[in-house]
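As they're listed, the protein sequences go chains A, B, C, D and E. Using the working numbering, you'd call the opening residue of the first sequence number -5 and step up by one each time. Using the working numbering, you'd call the opening residue of the second sequence number -10 and step up by one each time. Using the working numbering, you'd call the opening residue of the third sequence number 256 and step up by one each time. Using the working numbering, you'd call the opening residue of the fourth sequence number 136 and step up by one each time. Using the working numbering, you'd call the opening residue of the fifth sequence number 1072 and step up by one each time. We put the beta carbon where it would ideally sit given N, CA and C, even for glycine. A quick write-up on the structure given underneath.
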Amino acid sequence: MKFERYGIGIAKGMMVTFKHLFRSPITVQYPEEKLAVSRRIRGNELVWYPDRCTGCATCAKSCPHGNIEIVTHVGDENSYVVDKFEVDTGRCMFCGLCVESCPYEALAMGISYERAQYRRGDMVLSKDALLLSDIRRPSGYARPKVEVTLPKQTLLVYWDKDREEGGQKVNFLTLSKKRGRGV
Amino acid sequence: MTLLEQFQLWLGSIWPEWAAYITPAIIGVVVVLGFVLTTVIIFIYLERRLLGRFQIRTGPNRLGPEGIFQPIATALKVLLKEDIVPAKADKAVHWLAPVIVFAPILLIFAVVPFGKGAIFTDLNVGIVYVVAISSLSAVGIYMAGWASSNKYALIAALRAVAQMVSYELPVILSILGVVLMVGSLSMNQIVESQSIPFILLQPLGFVIFFLGTVAEMNRCPFDLLEADSEIVAGYHTEYSGMKFALFYLGEYGHAVAYSAIIATLFLGGWQGPLLPPIIWFLIKIVAVFCFIVWMRATLPRLRVDQLMAFAWKCLLPLAVINLFIIAAEVLWLPESMPWIMVVLNFAFAGVLILLWSKLFTLGGGRVEV
Amino acid sequence: MTIALNGEEVAKKITEVVPGSVAAADKMAVVVGSKSLYQVAEFLKSTSGLDFDYLNDLTAVDYLDYFEVVYHLTSLKHNHSLVLKTRCYEREKPIVSSVVSLWRAADFQEREVYDLMGITFEGHPNLKRLLLWEGFAGHPLRRDYL
Amino acid sequence: MAIRTEPFILNMGPQHPSTHGVFRMRVTLDGEVVLDVEPVVGYLHRGIEKLAEGRTYTQNIPFTDRLDYLASMTNNLAYVLAVEKLAGIEVPERAEHLRIIMAEMMRIASHLMAVGFFLNDLGAMMTPVLYMWREREKLLDLFEMVCGQRLTYNYMRVGGVSHDIPEEFLPALRRFVAEMPGLIDEYDQFLAQNEIVLARSKGVGVLPEDLAINIAASGPVLRASGVQWDIRRGDPYSIYDRFDFDIPVGSAGDCYDRYWVRVQEMRQSVRILEQAIPQLPQGEVCAKVPQLLRPPVGEVYGRIEAPKGELGFYLVSDNSIAPYRFRIRPPTLINLTALRDMVIGWKVADLIITFGSIDVCLGEIDR
Amino acid sequence: MFDIVFWVLAAVTVGAALAVVLLRDVFRAALCLVLLFFTIAGVYITLHADFLAVVQVLVYVGAISILIIVGIMLTHEVWRGNPSGKLRIPAIVVGLLLLGTLVFSAVTTKWQTSDVPPQEPTTAAIGASLFGEGGFILPVEIAAVLLLAAVLGAIVLIREK
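In structure tokens form, the structure reads like this:
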């Protein structure tokens, strides 16, 4: 292999890195700065609406791993009463098939993504833990009605260009420069 | 007469002779150690931040304002880690290796002039001493590679030996060009005679010396000794804790030392207008180091046979030719017109580099087995 | 578009050269006896007009009565494909001759089939388990392995 | 007169910085020269083929995400195409277009990783990787927008795709398509002309054309050896026959050609995206398919051109809700066959870059 | 002051030399050889031969010892250490005889010591006497040519085919 180009290739490459020296970094300082995630995010946990659930167990059947356990008994008015609704999120692979398959929209993926636990046992969620609450909100995955209410996702494609959003200019940089220490 | 020698003389007049010898030595060691440790910490911070910016990251910025305490935290973390010695290791050699890698760096600083007269000892063989001492750390590297009883480390040790031996020659030959012009081996005189920095007077010599030293301090693109994509971490694969910290220190210490030598030999050392000499010197060191970081952020690595071919087929002949050119110029050109020399040498450097780019081949690389 | 060759027509051609080798043939595939597999494969690879130089996929299916080893062949030259199959009815130690010397592509795939299905490929240069470790009991992809 | 030396065996992996996963190479070395290489795989074996035999056709789609996790979308596509072929299901036009858009985006993302890590294996200290990662991140954002996940998409369904795209998807994709060629140019300028890269990768790890065909190499590895074979053109699936694109072909079959072919394929993928976005029709995104699909008895081999090569699914159906046999043809496992032939006689460093230029993904090799 | 330094260096030198001979581990023996070279450089410094000391480090520590260690690294079955051969006893005898002769001649010779203080910067003086007028320019050149021939010969010998 001959060095026929007199190091011009090396010089060009070094110019490229030099140019990047003056571009703003794209790092997002995670715990302090958070970007808006997708409206359809298949977040960490499920949200279960007991009033909509009929106990048909379609979700349990559709789960590839059989993580959802449902025990019902027949109540009055010929409907099922759900005794036990337990999801082992420790074995869940967040494919979203259960949410897609639910005919009554009684199950939704969660929007949050910070649900680390110290023990595997803590990841098994029972009926009460799956209910809608402040920290457990549904995402728009397969739920178009929820989707429109959620904030729009931050996109890296717009990292160097302003984007009009709700009357004010938002871009990736301004988002990642908002440096609020602590949550 | 350096500052330290004056101090020693003064001390000799009031204290017994042996104390007058030992006290300045201890002071010198402490000062050098302090200087090396602080600059190493600054350099580590600088490199990480700069690399971050080159790679559109931010780099460490959590600890302290803009992360300036990060190197200290890193140092603490490394020091507090468990010290692991492989069961099959040659314990004594394994223990000794990091010390031998680190010690020569301190010795190098004995002859580096920080300012006018601010030199620990103005050896009249200064620059040869630097070369001799810096070759010592190769001993430490192959000790580490051998004693770890790890095959990656052994490969790194073999590479180290080949690399050090090959690159010493072009480095020495390019230094000789400087020495010819100065007419002395003393570092102080080398600096003082640079009314025009030697980078302008001997561009080719500078390029050769720079590449050679980058190879000797195992920096990109010659970082084969710790080529992480090939041989994991090279010679210090099996090191942890305090010993690893010494290697880490040694690596950056080498960077500091060689940056200082490059600044002294080719960039005019502490000379410069307006600012005090020590500041100029530090600015030059940091500039050289930043350039090295820039190279590290950009360039891939050469292969081991290409590295050797580069040393023997490219740098060595160029260094010899450079030496002859400088010798001829020193003999025949009038000393009063250095600018002619600048123009002439830049022309020579350009022609030679173009010529070698045409002629030079790195060889095929494949071996029939 | 890759043309899938009609198995019956190819079977005729095979019978001409290696008589008695074809066990069954339909539009989709040619099934040959496990004894004459190598000869048939060699014929398919080297005959002009067929030129099956590319072995896409080699796998085996356990039909409980027998194992079926399936070869998906393609000719990059003519852009046509063929499914070649062979069956072995032995359950304890099924043996099929290896085609590694024809298509090196079979190297890892035969090892994988040997590993997971327990079919020995005779003539394979390095028939070791690929995914599981040596000494693993049983062959997991068999239908009777639980 | 040669110095008598002793070869030694080096176990590279399973934990090694550049084995791209839990992969082990048993390398016999004579000094720096590679005498023999034996790849050892199986550290990530999860038995997906066995697991799939106990799950319905739909439930198997998430498993395909976990094959080549750098190109989940194409794995989904390959599987659903095979199932559709088996069951004879027609796919709506819009879904076909969406599938192609997703597959080409995925190809760019996968090639970005391959190219970046190839340069990293060359020793370029993470810089190219981080630049390429930035572009890949833009694509992952888009995937996340569509299906809610960044790595394991589970987007394709038998009969179409699971969701229609949101309204802000197309503007963002258009912007990406517009800026991507310029960025590829910049990366070309960055390292493709670098003398060290050329010296390290040109002529290294040569895979001759006949050997490439014989080992059934596929994807960029095959095309770099000079074989103009791309399943998108040779055996068009979905609606690839409607798009205009070139098949970049290398000449020498060395590491540099494999790198070059990947870069050119990214350009071609951008071209396909440019054509597909304006054509995107309105309509349904998924055909009516029973929830528990029971394909007729039979077998099918469906293959597509995944970023890493020919990804095939061999499915045998016994008219039950689960496949009787579920076989994945992993492209990189078969490409890996060539490794030994490519590196014998070269140095350790060449072994690393040759391995990097094959672009393996251990999730796929071990399944 | 220099006396103390000299004796320390001398003791280390002798110890290192003994270790080179006596250690079973070849690699450690080689390392002791490096130490030996280094302390000898120290002795040179105490003799005001600074250029010689630096060259000693440069050549012996920087180059020769590295070559020795490469040789050891490439040796077969190096873990076996120093093998004890049949010649062990004769070697000891010859070594002791040589030592005796050297000590005897060193003790009995009348050393001519001059009272002239050593030249301080030795470098220029060495250069002048090697390359200057009436110096050793011819022997130096002959030695250089000889070394070049040796290097070329080695390359020719090592080259395969």
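- The beta carbon of PHE43 (chain B) sits closer than 8 Å to some beta carbon of chain D.
- Judged by DSSP secondary structure, CYS53 (chain A) falls within the alpha helix (DSSP H) whose first and last residues are 52 to 56.
- For ARG114 (chain A), there is no enclosing beta strand (DSSP E), since its DSSP letter is neither H nor E.
- One alpha carbon belongs to ALA351 (chain D), the other to GLN364 (chain C), and they sit about 11 Å apart.
- Straight through space, the alpha carbons of SER18 (chain A) and GLN59 (chain B) are spaced by roughly 21 Å.
- Spanning the alpha carbons of ALA361 (chain C) and PRO383 (chain D) requires a straight line of approximately 27 Å.
- The DSSP-derived three-state label of ARG33 (chain A) is coil.
- At least one beta carbon of chain D lies nearer than 8 Å to the beta carbon of ALA360 (chain C).
- If only uninterrupted alpha helix (DSSP H) runs of at least 4 residues are considered, those enclosed by the stretch 8 to 92 of chain B are 59 to 69.
- At a cut-off of 8 Å between C-beta atoms, LEU292 (chain C) does not count as an interface residue with respect to chain D.
- Cβ proximity to chain B below 9 Å picks out ILE479, GLY480, TRP481, LYS482, VAL483, ALA484, ASP485, LEU486, ILE487, ILE488 from the stretch 473 to 489 of chain D.
- When 8 Å is used as the limit between beta carbons, ILE35 (chain A) is near these residues of chain D: GLU279, GLY283, GLN284, in chain order.
- Around the beta carbon of LEU396 (chain C), 16 or more other beta carbons lie within 10 angstroms, which makes this residue buried.
- By the beta-carbon neighbour count (other beta carbons within 10 angstroms, threshold 16), MET315 (chain D) is buried.
- At the C-beta level, ALA230 (chain D) and MET208 (chain D) stay beyond 8 Å of one another.
- Note that the stretch 353 to 373 of chain D touches the stretch 434 to 444 of chain D; at least 3 beta-carbon pairs, one per stretch, sit closer than 8 Å.
- Distance from ALA204 (chain B) to GLU215 (chain B) at the Cβ level is roughly 13 Å; contact not present, criterion being Cβ atoms closer than 8 Å.
- In the assembly as shown, GLY262 (chain C) is a buried residue. Its beta-carbon has 16 or more other beta-carbons within 10 Å.
- A residue is called buried once 16 or more other Cβ atoms fall within 10 Å of its Cβ, and MET256 (chain C), having fewer, is exposed.
- Boundaries for SER455 (chain D): no alpha helix (DSSP H) harbours it, and the DSSP string shows neither H nor E there.
- Taking a beta-carbon distance threshold of 8 Å, PRO19 (chain A) counts as an interface residue toward chain B.
- MET153 (chain B): member of the alpha helix (DSSP H) spanning 140 to 171, first to last residue.
- For THR329 (chain C), the enclosing beta strand (DSSP E) has its first and last residue at 322 to 330.
- Using a 10 angstroms sphere on the CB of PHE252 (chain D), the tally of other CB atoms reaches 16 or more, which defines it as buried.
- Per the C-alpha coordinates, the member of A:THR11, A:GLY115, A:HIS67 positioned closest to ILE45 (chain B) is A:THR11.
- Contacts with chain C (Cβ-Cβ distance below 8 Å) from the stretch 437 to 464 of chain D involve ARG438, GLU445, GLY447, TYR449, VAL451, TYR459, ARG460, ARG462, ARG464, listed in chain order.
- Using a Cβ distance threshold of 8 Å, ILE89 (chain B) and VAL128 (chain B) count as a contacting pair.
- With 16 or more neighbouring CB atoms inside 10 Å of its own CB, ARG37 (chain B) falls in the buried class.
- Counting of Cβ neighbours within 10 angstroms places THR202 (chain B) among the buried residues, the total reaching 16 or more.
- Excluding residues up to 5 positions away in sequence, PRO132, GLY134 lie with their Cβ nearer than 6 Å to the Cβ of VAL140 (chain A) in the same chain.
- When secondary structure is reduced to three states using DSSP, TYR214 (chain D) falls in the helix class.
- By the rule that beta-carbons nearer than 8 Å mark a contact, TRP268 (chain D) does not touch chain C.
- Interface annotation for the stretch 35 to 69 of chain B against chain D: LEU40, PHE43, GLN44, ILE45, ARG46, criterion Cβ-Cβ distance under 8 Å.
- Collapsing the DSSP output to three states places TRP481 (chain D) in coil.
- ALA234 (chain B) and GLY166 (chain D) have their C-alpha atoms spaced approximately 29 Å apart.
- Burial check for GLN1183 (chain E): the Cβ neighbour count within 10 Å stays below 16, so the residue is exposed.
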